[in-house]
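Peer 1: Chains as they are written, first to last, in my numbering: chain A, 2 to 430; chain B, 2 to 430.
Ideal Cβ positions, reconstructed from N, Cα and C, are used throughout, including at glycine.
Number of protein chains: 2
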Amino acid sequence: MDTLFQNITVITMDPACPVMEHAYLGVHGEKIVWLSKDAPEEPSAHVIDGTGKVLIPGLQNTHTHIAMTALRGYADDQTLTEWLFGNILPAEAKMNNDLVYHAARLGILEALASGTTSICDMYFHSPEIARAAKELGIRAHVGNPPFELGDGFSMEDRSVLETEELIRDYADDPLITPTIGVHAIHNSNPAVWRWVNDMAERHDLPVVLHLSETMPDVESSLAKYGKTPTVALRDSGMLARPVTAAHCVHLTDEDIAIMKEYGLSVASCPVSNLKLASGIAPLARLKEAGVNITLATDGVASNNTLDLFEEMKLSVLLQKNLTGDASALSAWDALTFATVNGNIAMGRGERCGRLLPGYEADLAMLDFTAPHLNPCHNVISHVVYAAHGSDVELTMVRGRTVYENRRFPGIDMAEEIRRVNELVAKYLA
Amino acid sequence: MDTLFQNITVITMDPACPVMEHAYLGVHGEKIVWLSKDAPEEPSAHVIDGTGKVLIPGLQNTHTHIAMTALRGYADDQTLTEWLFGNILPAEAKMNNDLVYHAARLGILEALASGTTSICDMYFHSPEIARAAKELGIRAHVGNPPFELGDGFSMEDRSVLETEELIRDYADDPLITPTIGVHAIHNSNPAVWRWVNDMAERHDLPVVLHLSETMPDVESSLAKYGKTPTVALRDSGMLARPVTAAHCVHLTDEDIAIMKEYGLSVASCPVSNLKLASGIAPLARLKEAGVNITLATDGVASNNTLDLFEEMKLSVLLQKNLTGDASALSAWDALTFATVNGNIAMGRGERCGRLLPGYEADLAMLDFTAPHLNPCHNVISHVVYAAHGSDVELTMVRGRTVYENRRFPGIDMAEEIRRVNELVAKYLA
Chain A
2 MDTLFQNITV
12 ITMDPACPVM
22 EHAYLGVHGE
32 KIVWLSKDAP
42 EEPSAHVIDG
52 TGKVLIPGLQ
62 NTHTHIAMTA
72 LRGYADDQTL
82 TEWLFGNILP
92 AEAKMNNDLV
102 YHAARLGILE
112 ALASGTTSIC
122 DMYFHSPEIA
132 RAAKELGIRA
142 HVGNPPFELG
152 DGFSMEDRSV
162 LETEELIRDY
172 ADDPLITPTI
182 GVHAIHNSNP
192 AVWRWVNDMA
202 ERHDLPVVLH
212 LSETMPDVES
222 SLAKYGKTPT
232 VALRDSGMLA
242 RPVTAAHCVH
252 LTDEDIAIMK
262 EYGLSVASCP
272 VSNLKLASGI
282 APLARLKEAG
292 VNITLATDGV
302 ASNNTLDLFE
312 EMKLSVLLQK
322 NLTGDASALS
332 AWDALTFATV
342 NGNIAMGRGE
352 RCGRLLPGYE
362 ADLAMLDFTA
372 PHLNPCHNVI
382 SHVVYAAHGS
392 DVELTMVRGR
402 TVYENRRFPG
412 IDMAEEIRRV
422 NELVAKYLA
Chain B
2 MDTLFQNITV
12 ITMDPACPVM
22 EHAYLGVHGE
32 KIVWLSKDAP
42 EEPSAHVIDG
52 TGKVLIPGLQ
62 NTHTHIAMTA
72 LRGYADDQTL
82 TEWLFGNILP
92 AEAKMNNDLV
102 YHAARLGILE
112 ALASGTTSIC
122 DMYFHSPEIA
132 RAAKELGIRA
142 HVGNPPFELG
152 DGFSMEDRSV
162 LETEELIRDY
172 ADDPLITPTI
182 GVHAIHNSNP
192 AVWRWVNDMA
202 ERHDLPVVLH
212 LSETMPDVES
222 SLAKYGKTPT
232 VALRDSGMLA
242 RPVTAAHCVH
252 LTDEDIAIMK
262 EYGLSVASCP
272 VSNLKLASGI
282 APLARLKEAG
292 VNITLATDGV
302 ASNNTLDLFE
312 EMKLSVLLQK
322 NLTGDASALS
332 AWDALTFATV
342 NGNIAMGRGE
352 RCGRLLPGYE
362 ADLAMLDFTA
372 PHLNPCHNVI
382 SHVVYAAHGS
392 DVELTMVRGR
402 TVYENRRFPG
412 IDMAEEIRRV
422 NELVAKYLA
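Next up, the structure:
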């Protein structure tokens, strides 16, 4: 086999045997081919000593605007209106292919270094993001859903052209999946929805969008359509496709029932929702209803990192407080959201998200010898409540080790950073 | 001079000039003696190249139970009652001097490694905690306030004997400050309060306690005394001393007015308060009223780390959401809570908490060359919203470098961890 982790603690995410200690996990090609307390007889080309280390399934960041690394800390502590219309949109108008490509590379490197093996991205210049993802070896759902503040929408729209380009270039790609969608129900219109549904059906595309992020989002949909965004989405026919809906903060019981009925996945962004004062998504209610909950960082301008360990911890802590019950949701729930459920949302739940033979090898190895991870009464608790992205020292995507010994083989990180800083100074200053 | 940081970015916390880039900061003895864009003429014994680095004042963790590192992840996702009475207290009953000493060492090393230069601790076996702090060179307020669930209290109480021992051994110590207090108003009684007030007055001791952490705390005080805990505290006379009160989640406007009037400092523990479903402290209201707000991790059993960067970020994010205003509180506020205000609470606001000549040299140096800290539009935003404790690579307390190049000189970390794990297995298994 290609790679063997030996004497390692494996968090399998298999409820029947969630944690295996002093284990051997072997990878060949893109798959996990061995998991046992015993060593395989077959030799391995590369053996990694796992003493004091923990393997987890690669984390799934189901809602990003990855190239917003260029805008990290660009505008903080402002009202949403001031932040978005006064700062972020004007800055984004100055961004071009070159800056988006390099900023996306930086974001993807940050994600991989913190154990994330997949992103689901929405941004313009999306072919540049797909190119960066493909080169760096991260799984990526990529799309540029139309952002229509008026009723104008044409087949010459940038998002339409980019979508067609992505479909052409990445059909059946093992890492890159083109997506379609709308920026949100409230700022799109029925003409856009028809195009989305038609393209999604014709090209078998997953749908992504922002949903009920803020109360004004909901109110505008109610005013315009007399329906909550989720009801409008259902009535538009868009739920016929696999949908990953970001935020989902303000939901009625009917909304939640619809989400369950149609198999919609929620991409919850707890840090971003606090930072922009949007609210707290009702994850305990969603879990109770059986909705597929996943986790995401949103763009770093409203976070300001891509570290999913923060989202895992905060997502369950907020629910404990929201429900007044410290036993509401658990570390296991958080890790399920970020691994198993994230892969379900991305349409690969049967083959990714658990560390078991036959599954594709998307994984992260954490160093558990640090002071803040000792003693270790409960390894799952430590992953969620005590670890950070900085504890990751190896990341593998589909059997390929992209990050090892806290380094990216073949990548000059200082040069990557220098290049982004140069472009930011040139275009955003 | 002893140490010179050159070409470094310094966050001074001086509102007149909060950030100085490409600066020289010199330390001699326990003090900062040079801060300028120009190099000092005087040579330095030790020169540190600060290119790509950022200096911040050392972080102040104003409420810890530092030896609870032994119980990290021991019991999570339980109701407060189940957690405390079913797990934590029974485990603590098995802890002895040896385990507390070594667990305290581990916690202090974790704190120092994440840029914390001071703790304010409450725990039993407190002389062991003072010994660990003194040996490792962290500033520590140390005490074992009586925890009276009944009315029993005598001068043979363990907490009384420990307090007397701390006063004897650490009078005028530059690092260790004995404290006095009660565990909380609602679980102590007037006999204890009289002893606390007498001892505090006689030995000039600061007072520490838990205050209004949960609604049941408040309700029990109302039932027992007909007063909120803050009013009972004021009426007991205890506010005549400098008081640092942990949590302060459930407060009336009168409580807040009393806090301001008497100069009480709040040690807010946002992570712990979410994890135990206690609530969210009203920091925006407290700041509006002019109360001195500081930050703390609480014990790691309810956190589960000692990383104050998490508390800085979360404290302001929660207020944005609580007030519905994304501009409520700022990164600057968070850093002020953790540095300037923490030192005010600990009674050294005039000489610690800012990086300016004449101030004592308590500081942490962060590596800003990592992907998640680039590009850098705003260094203060990055410290609060994007950095973690793991970005700290040097920590200095009172002019002594205790952590450098991510290593503790003279400390065998693997042996420290092995020792704690051995004692935990022996006493808590």
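So, for Lys288/B: in the same chain, excluding its five sequence neighbours on each side, which residues have a beta-carbon less than 8 Å away from its beta-carbon?
Peer 2: Taking the second sequence and counting its residues from 1, the one referred to as residue 288/B is at position 287. The answer, listed in chain order, is Ile294, Leu330, Asp334.
Peer 1: Check whether the Cβ of Val421/A lies closer than 8 Å to any Cβ atom in chain B.
Peer 2: Here the question's residue 421/A lines up with position 420 in the first sequence. When Cβ-Cβ separations below 8 Å define contact, Val421/A makes contact with chain B.
Peer 1: Should Asn145/B and Tyr124/B be called a contact, given that it needs their Cβ atoms to be closer than 8 Å?
Peer 2: Numbered from its first residue, the second sequence carries residue 145/B at position 144. Numbered from its first residue, the second sequence carries residue 124/B at position 123. Contact: yes.
Peer 1: Based on the DSSP output, what are the partners of Ile181/A in its beta bridges?
Peer 2: Start at 1 with the first residue of the first sequence, and residue 181/A comes out as number 180. Ile181/A is bridged to Val208/A.
Peer 1: Quick check on DSSP: helix, strand or coil for Ile259/A?
Peer 2: Within the first sequence, numbered from 1, the residue matching residue 259/A stands at position 258. Of the three classes helix, strand and coil, the one that applies to Ile259/A here is helix, per DSSP.
Peer 1: Does the segment 379-394 of chain A touch the segment 108-122 of chain A, meaning 3 or more C-beta pairs lie closer than 8 Å?
Peer 2: Result yes; three or more Cβ-Cβ pairs closer than 8 Å.
Peer 1: Three Cβ pairs or more, each shorter than 8 Å: is that satisfied between the segment 178-195 of chain A and the segment 225-244 of chain A?
Peer 2: yes
Peer 1: Could you check what DSSP says for Gln61/A in three-state terms: helix, strand or coil?
Peer 2: To locate residue 61/A, count along the first sequence from 1; it is residue 60. Correct three-state label for Gln61/A: strand.
Peer 1: Please work out which residues of its chain come closer than 6 Å, Cβ to Cβ, to Ile437/B, disregarding the five sequence neighbours upstream and downstream, and give them in chain order.
Peer 2: With chain B covering only 2 through 430, there is no way to say anything about residue 437/B.
Peer 1: Which two residues bound the contiguous alpha helix (DSSP H) that contains Phe310/A?
Peer 2: If you number the first sequence from 1, residue 310/A lands on position 309. That run of the alpha helix (DSSP H) goes 309-324.
Peer 1: Within 8 Å (strictly less), CB to CB, does Met432/A reach chain B?
Peer 2: A question about residue 432/A goes unanswered here, because the residues of chain A that appear run from 2 up to 430.
Peer 1: If I measure Cβ to Cβ from Ala297/B and keep anything under 6 Å in the same chain, skipping five residues before and after, which residues do I get?
Peer 2: On the second sequence, residue 297/B is found 296 positions in, with the first residue counted as 1. Asn62, Thr63, His64, Ala268, Cys270, listed in sequence order.
Peer 1: Rounded to the nearest angstrom, what separates Glu214/B and Ile33/A at their Cα positions?
Peer 2: Residue mapping note: residue 214/B aligns to position 213 of the second sequence, counting from 1. Residue mapping note: residue 33/A aligns to position 32 of the first sequence, counting from 1. Whole-angstrom Cα-Cα distance: 48 Å.
Peer 1: With DSSP as the reference, label Phe86/B as helix, strand or coil.
Peer 2: Within the second sequence, residue 86/B is the residue found at index 85, counting from 1. Phe86/B sits in a helix when the DSSP states are folded into three classes.
Peer 1: Quick one: which chain A residues come within Cβ less than 8 Å of Gly325/B?
Peer 2: As a position in the second sequence, residue 325/B is number 324, starting the count at 1. Identification of chain A residues near Gly325/B by a Cβ-Cβ cut-off of 8 Å yields Ala278, ordered along the chain.
Peer 1: Unbroken alpha helix (DSSP H) runs of length 4 or more, entirely within the segment 355-396 of chain A: which are they?
Peer 2: none
Peer 1: Going along chain B, which residues have a C-beta under 9 Å from Lys321/A?
Peer 2: Here the question's residue 321/A lines up with position 320 in the first sequence. Going along chain B in sequence order, the residues near Lys321/A (Cβ under 9 Å) are Asp78, Leu275, Lys276, Leu277, Ala278.
Peer 1: Let me make sure I understand the geometry here. Which of Val385/A, Ala192/A, Leu307/A has the alpha-carbon closest to that of Leu72/A?
Peer 2: Position 71 of the first sequence, counted from the start, is the residue given in the question as residue 72/A. Minimum Cα distance to Leu72/A is reached at Leu307/A.
Peer 1: Using three-state DSSP, classify Val28/B as helix, strand or coil.
Peer 2: Taking the second sequence and counting its residues from 1, the one referred to as residue 28/B is at position 27. Three-state result, Val28/B: strand.
Peer 1: Consider the Cβ of Glu328/A: report whether some Cβ of chain B lies at a distance smaller than 8 Å.
Peer 2: As a working mapping, residue 328/A is identified with position 327 in the first sequence. Looking at the sequence itself, residue 328/A is Ser, so the reference to Glu does not match. By this cut-off, Ser328/A is an interface position.
Peer 1: Kindly list, in the order they appear in chain B, the residues whose Cβ is closer than 8 Å to that of Asn379/A.
Peer 2: Taking the first sequence and counting its residues from 1, one reaches residue 379/A at position 378. Here the neighbours are Gly74, Tyr75, Asp77.
Peer 1: Are Gly108/B and Ala141/B touching if we call contact CB-CB under 8 Å?
Peer 2: For this step, residue 108/B is matched to residue 107 along the second sequence. For this step, residue 141/B is matched to residue 140 along the second sequence. Result no, Cβ atoms of Gly108/B and Ala141/B do not sit closer than 8 Å.
Peer 1: Could you tell me which chain A residues have their CB closer than 7 Å to the CB of Ile67/B, listed as they occur along the chain?
Peer 2: Your numbering for residue 67/B matches position 66 in the second sequence. Residues of chain A with a Cβ closer than 7 Å to the Cβ of Ile67/B do not exist; the shortest Cβ-Cβ separation is about 12 Å.
Peer 1: For a contact meaning CB atoms closer than 9 Å, what does Thr52/B contact in chain A?
Peer 2: By one-based count along the second sequence, residue 52/B stands at place 51. In chain order: nothing, as chain A lies at least about 12 Å away.
Peer 1: To test your reading of the DSSP string, which unbroken beta strand (DSSP E) runs of 3 or more residues are found completely within the segment 104-145 of chain A?
Peer 2: Within the segment 104-145 of chain A, the complete beta strand (DSSP E) runs of at least 3 residues fall at 117-123, 140-144.
Peer 1: Tell me the DSSP secondary structure of Arg401/B in three-state form.
Peer 2: Looking up residue 401/B in the second sequence gives position 400. In this structure, Arg401/B counts as strand in the three-state DSSP scheme.
Peer 1: My output table needs one value for Leu429/A: the three-state DSSP class, helix, strand or coil.
Peer 2: Walking along the first sequence from the start, residue 429/A turns up at place 428. Judged by DSSP in its simplified three-state form, Leu429/A adopts coil rather than helix or strand.
Peer 1: According to the neighbour-count rule (16 or more other Cβ atoms, all chains shown, within 10 Å of its Cβ), is Asn406/B buried or exposed?
Peer 2: Sequence index remark: in the second sequence, residue 406/B carries index 405 (1-based). With fewer than 16 Cβ atoms within 10 Å of its Cβ, Asn406/B is classed as exposed.
Peer 1: Given that Leu107/B touches chain A, what residues does it touch there, using C-beta distances under 8 Å?
Peer 2: Looking up residue 107/B in the second sequence gives position 106. Under the 8 Å cutoff, chain A gives Pro372, Asn375.
Peer 1: Distance check for Ala185/B and Tyr360/A, CA to CA, integer angstroms please.
Peer 2: Along the first sequence, read from residue 1 onward, the residue named residue 360/A stands at position 359. Along the second sequence, read from residue 1 onward, the residue named residue 185/B stands at position 184. Their Cα atoms are separated by approximately 52 Å.
Peer 1: On the three-state DSSP scale, how would you describe Asp78/B?
Peer 2: One-based indexing of the second sequence puts residue 78/B at position 77. Coil.
Peer 1: According to DSSP, is Leu36/B helix, strand or coil?
Peer 2: Walking along the second sequence from the start, residue 36/B turns up at place 35. Of the three classes helix, strand and coil, the one that applies to Leu36/B here is strand, per DSSP.
Peer 1: If contact means a Cβ-Cβ distance below 7 Å, which residues of the segment 90-122 of chain B contact chain A?
Peer 2: Leu107, Leu110, Glu111, Ala114
Peer 1: Could you tell me the distance, in whole angstroms, from the CA atom of Ser328/B to the CA atom of Thr80/A?
Peer 2: One-based indexing of the second sequence puts residue 328/B at position 327. One-based indexing of the first sequence puts residue 80/A at position 79. Going by the C-alpha atoms only, they are around 5 Å apart.
Peer 1: Quick one: is Val161/A near chain B, going by C-beta distance under 8 Å?
Peer 2: As a position in the first sequence, residue 161/A is number 160, starting the count at 1. With 8 Å as the cut-off, Val161/A does not count as an interface residue toward chain B.
Peer 1: So, does the segment 308-326 of chain A touch the segment 275-285 of chain A, judging by three or more C-beta pairs under 8 Å?
Peer 2: The segment 308-326 of chain A, when compared against the segment 275-285 of chain A, does touch it at the 8 Å Cβ threshold.
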